[in-house]
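Enquirer: Under this note's numbering, the letters of the sequence shown match residues 182 to 565, in that order.
The C-beta atom is built at its ideal place from N, Cα and C for all residues, glycine as well.
A quick note: this is a predicted structure, and the numbers were derived from the prediction, not measured.
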Amino acid sequence: MSKVAIIGAGAMGSGIGQVAAMAGHEVLLYDTFPDAHIRARDGILKSLNKFAEKGKITDQQAKAIFGKIYLVEDLNSIAGSDIVIEAIIEDQEAKEKIFASIEPLVNEQAIIASNTSSLSITGLAKALKHPERFIGIHFFNPPVMMRLVEVIPALQTSKSITAKVMDEIKAWGKTPVRALDTPGFIVNRIARPFYGEALRIAEEQLASPAEIDAAMKSYGGFRMGPFQLMDFIGNDINEAVTRSVWTAMHYDSRYRPSQLQINLVRAGWYGRKSGKGYYDYSDSTDHVDPVLTDEHKKLFDRILVMLINEAADALHFGIASKEDIELAMTRGVNYPKGLLQWADEIGVEHCVEQLDALHHLYREERYRCSALLRRMAAHHETFF
Ligand SMILES: NC(=O)c1ccc[n+]([C@@H]2O[C@H](COP(=O)([O-])OP(=O)(O)OC[C@H]3O[C@@H](n4cnc5c(N)ncnc54)[C@H](O)[C@@H]3O)[C@@H](O)[C@H]2O)c1
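(1) Please name the residue, chosen from E546, G224, L226, L554, that lies closest to D180 on a Cα-to-Cα basis.
(2) Is any non-hydrogen atom of ligand 1 found closer than 7 Å to the C-beta of F320, if you look at the structure I gave you?
(3) For I506 and R483, what's the separation of their Cα atoms in angstroms?
(4) Taking the straight line between their C-alpha atoms, what separation do you get for L521 and S389?
(5) With respect to 7 Å, is the separation between the Cβ of N296 and the closest non-hydrogen atom of ligand 1 below this value?
(6) What is the C-beta distance between S295 and L305, in whole angstroms, given that I count them as a contact (C-beta under 8 Å)?
(7) Expressed to the nearest angstrom, what Euclidean distance is found between the alpha-carbon atoms of K235 and V469?
(8) Is the region 263-270 close to the region 284-300, with three or more CB pairs under 8 Å?
(9) For K355, count the other beta carbons within 10 Å of its own beta carbon; 16 or more makes it buried, fewer makes it exposed. Which is it?
(10) Is any non-hydrogen atom of ligand 1 found closer than 7 Å to the C-beta of Y251, if you look at the structure I gave you?
(11) Does DSSP put Y211 in a helix, a strand or coil?
(12) To which residues does DSSP link G317 through a beta bridge?
(13) Residues in its own chain within less than 6 Å of G513 by CB, not counting five upstream and five downstream?
(14) Below 8 Å on the Cβ atoms is my contact criterion, and I expect M411 with Y462 to pass it. Report the Cβ-Cβ distance as a whole number of Å.
(15) For V287, which beta-bridge partners are listed by DSSP?
(16) Tell me which residue opens and which closes the alpha helix (DSSP H) that A543 is part of.
(17) Ligand 1 and F214: does the residue's C-beta get closer than 7 Å to at least one heavy atom of that ligand?
(18) Figure out for me which residue from E271, I279, S282 has the closest Cα to the Cα of H319.
(19) Does DSSP put P357 in a helix, in a strand, or in coil?
(20) For G452 and M397, I'd like the C-alpha separation in whole angstroms.
(21) When the Cα of E207 is compared with those of S341, E476, S183, which residue comes out closest?
(22) Jot down the residue ranges of each uninterrupted alpha helix (DSSP H) in the region 474-527, minimum 4 residues, whole runs only, in chain order.
(23) Using the DSSP secondary-structure output, state which residues sit across from D461 in a beta bridge.
(24) Helix, strand or coil, according to DSSP, for A306 in the structure here?
(25) Whose CA, out of T297, I350, M405, lies closest to the CA of I269?
(26) For V185, which residues does DSSP report across the bridge?
(27) Just verifying my parser: in three-state terms, what is the DSSP assignment at V346?
(28) When you compare the CB positions of I292 and I259, do they come within less than 8 Å of one another, or not?
(29) Could you please give the first and the last residue of the uninterrupted beta strand (DSSP E) stretch that includes I418?
(30) Measuring from the CB of I225, is there a heavy atom of ligand 1 at a distance below 7 Å?
Structure representation (structure tokens):
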């Protein structure tokens, strides 16, 4: 079994460490902050106990898994590791600094990876002496529960390293999908309209957040509506991801942050964690489900077609394969159906018509139809 080192024992690092230990690996979990060690230990123990309570593992297995995780304060302890996954703060300089310290400690065959959500893997790889063994391994939060892992080779990454990492992630019980090194990778890019178009509709006063949430759940079968999900993720986090993709996409209006959300963040209305977001969580009175009309169905169609457009464009630009795009959205954010399959079901021609109607109404670049959808519609093609 290979020796795994995780750098940064925060929410992601401790979860990734637990996943690796549950797959049988010895894990060195390094963090510079003693408080992080305490939080990581408590978090992992609590999670393993939950697995044991649910009967998914025995008490003995929980103990054995915990025994495989070593919390270390000295970076030299990771010497000889076969795979190193960095999950420290999202800061390019801090990450480059840590890679420079890690590289001399491991052999040239060792894989060095980053769990970054928003930095370029190719840009990070440049900081390494051997960039061909560097790769992005993007877990979702919480790593122990979320099955999807995006594997992002840098321009410099060798093919054999990518193949090795895909196999390794499978062996860890996860579903790896391969993504091109582009802003937001697969999930954080394709999911943008779920939030952005819902916010735009609310800003236009076409429906309230509660109505839009109800429409997405009832017409689309989404487990949570966009506003419920933003409140759950945290509006500060969601806005930061949107801003980062928007900036990295050269301020493409399709990803523009919403003034409505910016104001919520300014007010400190982050959502569940602050007690108030789009909804008030201190209010215990039962919420009455809004009555939905044909107008709400049209708003659901509008958000769905914007999501399909984004998925089609991701395919058009080779961000991932058809199959991986579908896996990413169903397993990474639990969409009820793959977006490309959804396009086939409602008809590619119909998607193009809807997007063109939005573009005609608003005359905004935001509503431009993907060239792939338009070409497919002209040839009466389907995705599957
Ligand atoms: N939170 C998420 O939803 C999520 C999802 C996917 C990826 N990510 C990415 O994972 C990484 C970590 O995110 P997180 O949410 O776990 O953050 P976090 O703040 O919970 O944890 C970061 C940890 O890194 C430690 N740290 C900071 N600088 C360090 C250094 N120089 N050396 C060693 N340890 C150091 C901190 O003490 C802290 O424990 C980021 O790159 C983030 O973009 C986060």
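Expert: Reading it off the structure:
(1) The question about residue 180 has no answer, for the chain in this structure spans 182 to 565.
(2) yes
(3) 20 Å
(4) Roughly 28 Å between the two C-alpha positions.
(5) yes
(6) At roughly 6 Å, the Cβ-Cβ gap stays under 8 Å, so S295 and L305 are in contact.
(7) Cα to Cα, the separation comes out at about 34 Å.
(8) With three or more CB-CB distances shorter than 8 Å, the region 263-270 counts as touching the region 284-300.
(9) A buried status is given to K355, since no fewer than 16 other beta-carbon atoms sit within 10 Å of its beta-carbon.
(10) no
(11) strand
(12) S295, I333
(13) Once the five neighbours on either side are set aside, the close Cβ partners of G513 are F321, L329, V368.
(14) Going by Cβ atoms, the distance from M411 to Y462 rounds to 13 Å, so no, they are not a contact pair.
(15) In the DSSP output, where bridge partners are listed per residue, V287 has none listed.
(16) It is worth fixing the name first, because residue 543 is Tyr in this sequence and not Ala. Looking at the DSSP string, the run of the alpha helix (DSSP H) that includes Y543 is 529-543.
(17) yes
(18) E271
(19) strand
(20) G452 and M397: Cα-Cα distance of roughly 19 Å.
(21) S183
(22) As far as the region 474-527 is concerned, its whole alpha helix (DSSP H) runs of at least 4 residues are 475-497, 503-508, 520-527.
(23) K457
(24) helix
(25) T297
(26) V208, I264
(27) helix
(28) I292 places its beta carbon 8 Å or farther from that of I259.
(29) Unbroken run through I418 is the alpha helix (DSSP H), 416-429; no beta strand (DSSP E).
(30) no
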